[in-house]
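Trainee:
2 protein chains.
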Amino acid sequence: MATESSGGGDPARTMALLWRPPGGPGPRPGPRAGLDVDRIVTAAIELADREGLGAVTMRRLATELGVGAMTLYTHVPGKGELVDLMYDAVLGEVYPTPPAGDWRARLTTVARENWDLFVRHPWAANVGTGRPVLGPNLMRKYDLELAAVDGLGLSEVDMELVIVLVGAFVRGSVAGLHDQAAAERTSGLTDEQWWAVTEPHIEKVFDPERFPIAARVGPVSGPELGAGDQARSFEFGLARVLDGIAVMIAR
Amino acid sequence: MATESSGGGDPARTMALLWRPPGGPGPRPGPRAGLDVDRIVTAAIELADREGLGAVTMRRLATELGVGAMTLYTHVPGKGELVDLMYDAVLGEVYPTPPAGDWRARLTTVARENWDLFVRHPWAANVGTGRPVLGPNLMRKYDLELAAVDGLGLSEVDMELVIVLVGAFVRGSVAGLHDQAAAERTSGLTDEQWWAVTEPHIEKVFDPERFPIAARVGPVSGPELGAGDQARSFEFGLARVLDGIAVMIAR
DNA sequence: GCCGACAACGTACGCTGTACGGAGATGATT
DNA sequence: AATCATCTCCGTACAGCGTACGTTGTCGGC
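Chains as they are written, first to last, in the working numbering: chain Z, 99 to 349; chain C, 99 to 349.
1. Z/Ile-261: which of C/Asp-305, C/Met-184, C/Ser-319, C/Arg-229 sits nearest, CA to CA?
2. What residue range is occupied by the uninterrupted alpha helix (DSSP H) comprising Z/Tyr-240?
3. Between Z/Ala-100 and the rest of its own chain, which residues show a CB-CB distance below 8 Å, the 5 nearest in sequence each way excluded?
4. Who are the neighbours of Z/Pro-109 on chain C, taking C-beta pairs under 7 Å?
5. Can you say whether C/Glu-290 is buried or exposed, counting buried as having 16 or more other CB atoms within 10 angstroms of its CB?
6. For the alpha helix (DSSP H) containing Z/Met-168, name the first residue and the last one.
7. Could you give the DSSP three-state label for C/Tyr-335: helix, strand or coil?
8. Going by the CB atoms, is the gap between C/Arg-269 and Z/Arg-270 shorter than 9 Å?
9. Locate the alpha helix (DSSP H) running through C/Thr-161, then write down its first and last residues.
10. From C/Ile-138, C/Thr-207, C/Glu-162, pick the residue whose C-alpha is nearest to that of C/Glu-333; which is it?
11. For chain C, is any of its Cβ atoms less than 9 Å away from the one on Z/Gly-176?
12. Can you list, in chain order, the residues of its chain whose CB lies under 6 Å from that of C/Gly-249, leaving out five sequence neighbours each side?
13. For C/Asp-134, decide whether its Cβ has a neighbour in chain Z, counting only Cβ atoms nearer than 9 Å.
14. Please check if any C-beta of chain Z sits within less than 9 Å of the C-beta of C/Asp-248.
15. Between Z/Met-156 and the rest of its own chain, which residues show a CB-CB distance below 7 Å, the 5 nearest in sequence each way excluded?
16. Going by Cα to Cα distance, which pick from C/Leu-151, C/Thr-296, C/Leu-116 is closest to C/Glu-179?
17. Any C-beta of chain Z sitting closer than 9 Å to the C-beta of C/Trp-213?
18. So with Cβ pairs under 9 Å, would you call Z/Met-113 a contact of chain C?
19. Using a Cβ cut-off of 8 Å, which residues of the segment 229–240 of chain Z contact any Cβ in chain C, in chain order?
20. Taking 8 Å as the threshold, find out whether the segment 208–223 of chain C comes into contact with the segment 182–192 of chain C through three or more Cβ pairs.
21. Taking the Cβ atom as the reference point for each residue, do Z/Gly-335 and C/Leu-259 lie within a distance shorter than 9 Å?
22. Using 9 Å as the limit for Cβ to Cβ distance, is C/Pro-121 near chain Z?
23. Output the distance between the C-alpha atoms of C/Val-88 and Z/Pro-310, rounded to the nearest integer angstrom.
Structure representation (structure tokens):
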């Protein structure tokens with residue numbers, strides 16, 4: 099879905115930041131920097147995890163870091179680039195060890211690690227990847243995921259398509275989870291409270307004769323899959339997706 | 099995903115708007131309304147289709163309708179509710195006739211109609227469904243989709259899970275498509291232009307020895323699946339997903 | 001003919017990202 | 001030791017956002 103995204107800034111500057119060497123720069127004239135890119139990115143990720151990407155404003159972030167708003171622009175070209183840096187940074191959390199086992203175990207790891215990543219960092223699911231942020235951690239992730247489907251007799255194109263499929267499924271699944279959390283934060287109502295308020299209004303308009311199947315399934319699946327059981331939908335869907343991939347591999 | 103979402107406004111007012119009777123209200127004192135909810139929602143959808151949900155600001159929309167910004171608030175409680183109305187309105191475009199054929203044909207229709215819907219209305223994929231907009235068109239859509247998996251011997255919960263799976267897959271797939279379009283609009287660069295600018299920077303940092311599989315697959319899949327071939331990824335993934343569901347149904 | 005309900009909308013407030021320019025600190029050079 | 005070039009930090013300002021509030025003028029029903 100891609101709502102917030104990379105900033106049309108100078109690609110050279112963005113790439114230089116993404117691939118900046120781990121050691122800081124050598125001695126240079128001017129006052130000692132009290133701030134650096136890493137501290138800014140770390141603080142921004144924490145803030146986004148806590149309150150969503152919408153809470154990450156330059157002023158707010160600067161305040162949390164104890165500096166003036168414009169100071170951030172000394173270290174980062176703009177907000178778009180900052181989000182890019184945040185995104186690549188969290189991608190580095192994934193696959194502390196490469197996915198192992200048979201292909202099904204490996205792909206299960208790929209799916210679950212992506213799911214967990216987006217659970218830890220909900221905002222990351224909303225960062226557009228249309229123009230991928232070609233940072234070091236994305237490259238590593240891409241390489242490891244392709245490795246998970248290597249050696250199965252698939253063509254290069256099919257390998258890519260399988261990884262894209264798993265990614266799309268995870269991204270779509272996690273969307274439901276985040277929608278709920280976002281709605282709860284925005285409205286200040288829990289799912290139960292919201293339902294209690296909304297339910298009477300539905301009864302007034304819902305016609306079981308017009309929507310017979312919904313009338314039959316809703317009351318059963320609602321309570322059993324209600325709020326928060328997105329994890330179950332995810333595991334169910336993952337099993338089907340892997341079964342489908344198995345059919346192709348066996349063929 | 100879920101970036102823009104329903105507005106914590108009074109649920110009673112929102113539901114009243116969603117289920118408003120097709121005929122306008124009876125004669126009432128006061129000047130004739132030059133504007134009504136339908137015209138606002140239609141104009142907002144057109145604007146969002148053309149330039150994205152981000153372009154739908156109250157001022158901009160009002161200008162297109164030839165009224166002052168605050169006039170919109172006479173008819174609609176706020177922007178969140180407007181988005182809700184837009185969302186339910188476009189859901190009404192789907193399934194002019196109910197999905198027919200065997201279950202696989204029916205589910206294919208479900209997936210393709212959702213895909214087409216989000217292609218026509220990219221912004222709709224970003225509307226949070228955590229607190230579903232319980233309008234008439236959503237109810238109809240939900241009912242028809244469940245009907246597509248009815249009579250297969252699945253439990254009510256499994257029926258719901260299958261529909262959620264297909265929905266998640268479509269939503270995740272379409273995200274990639276929109277990311278690209280959004281990036282193109284934001285940056286003003288086509289994919290080719292962007293790649294031409296970015297590629298030299300990659301060559302400087304990309305180490306084929308660190309990322310051997312990416313180095314092998316990227317150059318092959320890149321050109322063949324490049325830009326715009328999200329449709330192919332979708333069809334590929336859909337075939338796998340349906341195969342996986344078939345395994346469960348046969349069992 | 002009047003009254004009360006209603007549509008329309010100008011103004012204002014606090015929020016956003018960030019362009020611009022100035023102040024002060026410091027390593028390197030002379 | 002003095003100077004210079006460069007760097008960090010940041011105050012101010014601007015356009016644009018959603019929308020609360022209050023005013024104005026129009027019309028249907030009595």
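Glycine included, every Cβ here is placed at the ideal spot set by N, Cα and C.
In this text, all values refer to a predicted model and were calculated from it rather than measured experimentally.
Mentor: Once the coordinates are examined:
1. Looking at the Cα atoms, C/Ser-319 is the closest of the given residues.
2. 234–246
3. Caution applies to Z/Ala-100, whose pLDDT of 46 falls short of 50 and renders its modelled position unreliable; the value that the coordinates give is listed next. The beta carbon of Z/Ala-100 is closer than 8 Å to those of Asn-224, Val-225, Gly-226, Thr-227, Gly-228 in its chain, skipping five residues each way along the sequence.
4. Val-295, Thr-296, His-299
5. exposed
6. For Z/Met-168, no alpha helix (DSSP H) encloses it, and the DSSP letter there is neither H nor E.
7. Inspection of the sequence shows that residue 335 of chain C is occupied by Gly rather than by Tyr. Helix, per DSSP.
8. Correcting the residue type first, residue 270 of chain Z is Gly in the shown sequence and not Arg. The answer is yes: Cβ separation under 9 Å.
9. In the DSSP assignment, C/Thr-161 falls within the alpha helix (DSSP H) that extends over 156–163.
10. Residue C/Thr-207 is the option with its Cα nearest to C/Glu-333.
11. no
12. The beta carbon of C/Gly-249 sits closer than 6 Å to no other beta carbon from its chain once the five residues preceding and following it are set aside.
13. No, C/Asp-134 lies away from the interface with chain Z (no Cβ there is under 9 Å from its Cβ).
14. yes
15. Ala-167, Leu-170, Lys-177
16. Measuring from the Cα of C/Glu-179, the nearest candidate turns out to be C/Leu-116.
17. no
18. yes
19. Arg-229, Leu-232, Pro-234, Met-237, Arg-238, Tyr-240
20. yes
21. Contact: yes.
22. First, the amino acid is wrong: residue 121 of chain C is Gly here, not Pro. Interface criterion not met: the Cβ of C/Gly-121 is under 9 Å from no Cβ in chain Z.
23. The question about residue 88 of chain C has no answer here: the residues shown for chain C are numbered 99 through 349.
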